[in-house]
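Step one of this worksheet: look at the structure below.
In the working numbering, the protein residues as written are 10 to 82.
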């Protein structure tokens, strides 16, 4: 289990516990459950790299305690 911190830069930080073999789509579903926003409306990225839904966290080398950016579409 790893913990990922997502910051939306609007004053909300979301901490999510997930597995390294979860996909970005799974992570979006966990974030959506905590924020009340639909998963289709969320975009997760780091700098200029927008993370795609079908790729796992391990493939993106997301580690425990890593900060990601959360945007609303």
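Using N, Cα and C, we set each Cβ at its ideal position, and we do this for glycine too.
Query                                                                                                      : Result
Strand pairing of residue 54, partner residues [DSSP]                                                      : 59, 78
Closer than 8 Å: residue 18 CB and nearest the ligand ATP heavy atom                                       : Questions concerning the ligand ATP fall outside what the structure shown contains, since it holds no ligand whatsoever.
Cβ neighbours of residue 69 in the same chain (closer than 7 Å, five flanking residues each side left out) : 60
Host beta strand (DSSP E) of residue 26 (start-end)                                                        : 22–27
Which listed residue (11, 66, 78, 30) has its alpha carbon closest to that of residue 51                   : 78
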